[in-house]
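Colleague: Submitted below is the structure of interest, expressed as C-alpha coordinates.
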Amino acid sequence: MNQKGFTLIEVMIAIVILSVGLLALAQMQIFAMNGNLFASNMTVASTLAQDKLEELKGVILDDPDLMDTNPANNGSIFDPRIASFYPPDHEDPNNPINESGGTTGLRRYTRLWNIADDTPTEGAKTVVVFVFWGSPNPANNNLPQHYVSVSTIVGGE
791 MNQKGFTLIE VMIAIVILSV GLLALAQMQI FAMNGNLFAS NMTVASTLAQ
841 DKLEELKGVI LDDPDLMDTN PANNGSIFDP RIASFYPPDH EDPNNPINES
891 GGTTGLRRYT RLWNIADDTP TEGAKTVVVF VFWGSPNPAN NNLPQHYVSV
941 STIVGGE
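Dropping the structure here:
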(Lines of atoms letter the chains of each structure in order from A and count residues from 1; the text may use other names and numbers.)
(Lines give C-alpha, C1' and ligand atoms only; values in the text may rest on other atoms or scores of the structure.)
Protein backbone atom coordinates (compact mmCIF):
# COMPACT_ATOMS: atom_id res chain seq x y z
CA MET A 1 0.00 0.00 0.00
CA ASN A 2 2.49 2.57 -1.10
CA GLN A 3 0.14 5.06 -2.80
CA LYS A 4 1.10 8.63 -3.57
CA GLY A 5 -1.16 11.67 -3.05
CA PHE A 6 -2.98 13.55 -0.32
CA THR A 7 -5.21 12.08 2.32
CA LEU A 8 -8.69 13.41 2.90
CA ILE A 9 -7.59 14.98 6.21
CA GLU A 10 -4.76 16.90 4.51
CA VAL A 11 -7.13 18.23 1.86
CA MET A 12 -9.68 19.29 4.50
CA ILE A 13 -7.02 21.12 6.54
CA ALA A 14 -5.81 22.91 3.40
CA ILE A 15 -9.39 23.98 2.59
CA VAL A 16 -9.91 25.32 6.13
CA ILE A 17 -6.66 27.32 6.00
CA LEU A 18 -7.56 28.69 2.57
CA SER A 19 -11.07 29.62 3.77
CA VAL A 20 -9.73 31.53 6.78
CA GLY A 21 -7.36 33.45 4.53
CA LEU A 22 -10.11 34.30 2.05
CA LEU A 23 -12.45 35.47 4.82
CA ALA A 24 -9.72 37.72 6.22
CA LEU A 25 -9.18 39.12 2.73
CA ALA A 26 -12.91 39.79 2.33
CA GLN A 27 -13.02 41.59 5.70
CA MET A 28 -10.03 43.69 4.70
CA GLN A 29 -11.82 44.63 1.47
CA ILE A 30 -14.85 45.82 3.46
CA PHE A 31 -12.64 47.98 5.69
CA ALA A 32 -10.95 49.45 2.62
CA MET A 33 -14.29 50.28 0.99
CA ASN A 34 -15.55 51.98 4.17
CA GLY A 35 -12.31 53.93 4.41
CA ASN A 36 -12.65 55.06 0.81
CA LEU A 37 -16.26 56.17 1.40
CA PHE A 38 -15.24 58.15 4.49
CA ALA A 39 -12.37 59.77 2.59
CA SER A 40 -14.71 60.68 -0.26
CA ASN A 41 -17.23 62.25 2.13
CA MET A 42 -14.44 64.11 3.92
CA THR A 43 -13.18 65.50 0.61
CA VAL A 44 -16.65 66.67 -0.45
CA ALA A 45 -17.37 68.19 2.97
CA SER A 46 -14.01 69.99 2.97
CA THR A 47 -14.73 71.39 -0.49
CA LEU A 48 -18.22 72.55 0.51
CA ALA A 49 -16.84 74.22 3.65
CA GLN A 50 -13.98 75.89 1.79
CA ASP A 51 -16.34 77.12 -0.95
CA LYS A 52 -18.59 78.80 1.63
CA LEU A 53 -15.60 80.26 3.47
CA GLU A 54 -14.26 81.77 0.23
CA GLU A 55 -17.71 83.17 -0.53
CA LEU A 56 -17.91 84.76 2.94
CA LYS A 57 -14.43 86.24 2.61
CA GLY A 58 -15.61 88.07 -0.51
CA VAL A 59 -18.54 89.95 1.06
CA ILE A 60 -18.49 93.23 2.97
CA LEU A 61 -18.19 93.08 6.77
CA ASP A 62 -21.77 94.23 7.41
CA ASP A 63 -23.27 91.63 5.05
CA PRO A 64 -26.12 89.69 6.74
CA ASP A 65 -24.18 86.43 6.26
CA LEU A 66 -21.40 87.86 8.47
CA MET A 67 -23.66 88.97 11.33
CA ASP A 68 -23.04 87.46 14.76
CA THR A 69 -26.69 86.59 15.49
CA ASN A 70 -25.90 84.50 18.58
CA PRO A 71 -23.05 86.07 20.59
CA ALA A 72 -23.72 83.52 23.36
CA ASN A 73 -22.08 80.79 21.25
CA ASN A 74 -18.81 82.65 20.70
CA GLY A 75 -17.08 80.71 23.48
CA SER A 76 -17.80 77.46 21.64
CA ILE A 77 -17.52 78.78 18.10
CA PHE A 78 -15.08 76.03 17.07
CA ASP A 79 -16.79 73.03 18.71
CA PRO A 80 -20.33 72.00 17.66
CA ARG A 81 -20.44 69.35 20.41
CA ILE A 82 -20.80 72.02 23.09
CA ALA A 83 -24.40 72.88 23.93
CA SER A 84 -23.81 76.65 23.84
CA PHE A 85 -22.88 76.30 20.15
CA TYR A 86 -26.63 76.19 19.34
CA PRO A 87 -28.29 77.77 17.62
CA PRO A 88 -25.56 78.50 15.08
CA ASP A 89 -25.39 81.98 13.60
CA HIS A 90 -26.25 80.82 10.07
CA GLU A 91 -27.40 77.72 8.20
CA ASP A 92 -27.37 77.09 4.48
CA PRO A 93 -30.95 77.78 3.30
CA ASN A 94 -30.73 74.70 1.07
CA ASN A 95 -29.82 72.22 3.86
CA PRO A 96 -29.42 69.36 3.35
CA ILE A 97 -27.27 69.88 0.29
CA ASN A 98 -25.68 67.61 -2.30
CA GLU A 99 -22.02 67.28 -3.26
CA SER A 100 -22.07 70.51 -5.25
CA GLY A 101 -24.05 72.51 -2.68
CA GLY A 102 -27.30 72.13 -4.61
CA THR A 103 -30.67 70.62 -3.83
CA THR A 104 -31.01 67.84 -6.41
CA GLY A 105 -30.05 64.20 -6.11
CA LEU A 106 -28.58 62.73 -2.94
CA ARG A 107 -28.53 65.45 -0.27
CA ARG A 108 -26.46 64.23 2.66
CA TYR A 109 -24.49 67.28 3.81
CA THR A 110 -25.51 70.03 6.25
CA ARG A 111 -23.61 73.32 6.12
CA LEU A 112 -23.68 76.02 8.80
CA TRP A 113 -21.37 78.76 10.00
CA ASN A 114 -20.70 80.82 13.10
CA ILE A 115 -19.38 84.34 13.40
CA ALA A 116 -17.64 85.96 16.37
CA ASP A 117 -17.48 89.77 16.22
CA ASP A 118 -14.40 91.65 17.43
CA THR A 119 -12.40 88.42 17.68
CA PRO A 120 -9.41 88.29 17.96
CA THR A 121 -9.20 92.10 17.67
CA GLU A 122 -11.59 95.03 17.46
CA GLY A 123 -13.23 95.24 14.03
CA ALA A 124 -12.29 91.68 13.05
CA LYS A 125 -14.63 88.72 12.70
CA THR A 126 -13.79 85.07 13.16
CA VAL A 127 -15.69 82.92 10.67
CA VAL A 128 -16.00 79.15 11.13
CA VAL A 129 -17.82 77.02 8.54
CA PHE A 130 -18.96 73.47 9.39
CA VAL A 131 -20.17 70.72 7.07
CA PHE A 132 -21.77 67.65 8.66
CA TRP A 133 -22.63 64.24 7.21
CA GLY A 134 -23.64 60.79 8.45
CA SER A 135 -26.28 59.50 10.84
CA PRO A 136 -27.74 61.86 13.46
CA ASN A 137 -25.85 61.68 16.74
CA PRO A 138 -27.90 62.41 19.90
CA ALA A 139 -24.70 63.36 21.73
CA ASN A 140 -24.08 66.04 19.09
CA ASN A 141 -27.45 67.85 19.20
CA ASN A 142 -28.73 65.32 16.63
CA LEU A 143 -26.38 66.66 13.99
CA PRO A 144 -24.70 64.04 11.83
CA GLN A 145 -21.79 62.31 13.49
CA HIS A 146 -19.02 63.44 11.14
CA TYR A 147 -17.99 66.99 10.34
CA VAL A 148 -15.21 69.18 9.03
CA SER A 149 -14.63 72.81 9.86
CA VAL A 150 -12.59 75.59 8.31
CA SER A 151 -12.03 79.03 9.76
CA THR A 152 -10.59 82.42 8.96
CA ILE A 153 -10.47 85.95 10.28
CA VAL A 154 -11.85 88.80 8.18
CA GLY A 155 -11.55 92.54 8.69
CA GLY A 156 -9.68 94.19 11.52
CA GLU A 157 -7.19 95.97 9.30
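Note that my numbering numbers the sequence shown so that position 142 is 932, with each residue one more than the last. A virtual CB, placed ideally from N, CA and C, is assigned to each residue, including glycine.
1) Please report how far the alpha carbon of L856 lies from the alpha carbon of V917, in whole angstroms.
2) What does the alpha-carbon distance come out to for the pair G795 and L815?
3) Is L944 near K847, with beta carbons less than 8 Å apart?
4) At which residue ranges does the stretch 900-928 contain complete beta strand (DSSP E) runs of 3 or more residues, listed in the order of the chain?
5) Under three-state DSSP, which class holds G865?
6) On the criterion of 16 or more Cβ atoms from any shown chain inside 10 Å, does T833 qualify as buried, or is it exposed?
7) Determine the DSSP secondary structure at I887, reduced to helix, strand or coil.
8) Would you list the residues sitting across from I943 in a DSSP beta bridge?
9) For E881, which residues does DSSP report across the bridge?
10) In the DSSP assignment, what residue or residues form a beta bridge with N937?
11) Taking just the CA atoms, how far does I805 sit from L798?
12) Nearest to R898 by CA position, among P854, Q935, E800 and W923, is which residue?
13) Can you find the residues in the same chain that come closer than 8 Å, C-beta to C-beta, to D869, ignoring five residues on each side of it along the sequence?
Modeller: Short version:
1) Taking the first residue of the sequence shown as 1, we reach residue 856 at position 66. Taking the first residue of the sequence shown as 1, we reach residue 917 at position 127. Spanning the two alpha carbons is a distance of roughly 8 Å.
2) Against the sequence shown, residue 795 aligns to sequence position 5. Against the sequence shown, residue 815 aligns to sequence position 25. In a straight line, the C-alpha of G795 is about 29 Å away from that of L815.
3) In the sequence shown, the residue the question calls residue 944 occupies position 154. In the sequence shown, the residue the question calls residue 847 occupies position 57. The displayed chain sequence assigns Val, not Leu, to residue 944. Yes, the pair counts as a contact, with Cβ atoms nearer than the cut-off.
4) 900-907 and 914-927
5) As a working mapping, residue 865 is identified with position 75 in the sequence shown. In the structure shown, G865 sits in a helix (DSSP, three-state: H, G or I).
6) Translated into the one-based positions of the sequence shown, residue 833 becomes position 43. Classification of T833: exposed, given that the 10 Å Cβ count is below 16.
7) Residue numbering aside, residue 887 sits at position 97 when the sequence shown is read from its first letter. Looking at I887 - three-state DSSP - the assignment turns out to be strand.
8) If you number the sequence shown from 1, residue 943 lands on position 153. I943 pairs with T916.
9) Taking the sequence shown and counting its residues from 1, one reaches residue 881 at position 91. Answer is L902.
10) The residue you call residue 937 lines up with position 147 of the sequence shown. According to the sequence displayed, residue 937 carries Tyr and not Asn. In the DSSP output, where bridge partners are listed per residue, Y937 has F922.
11) As a first step, residue 798 must be located in the sequence shown, where it is residue number 8. As a first step, residue 805 must be located in the sequence shown, where it is residue number 15. Approximately 11 Å between the Cα atoms of the pair.
12) Position 108 of the sequence shown holds residue 898. Comparing Cα-Cα distances from R898 to each of P854, Q935, E800 and W923, the minimum goes to W923.
13) For the purposes of this step, residue 869 is taken as residue 79 along the sequence shown, with counting starting at 1. Cβ within range, chain order: F875.
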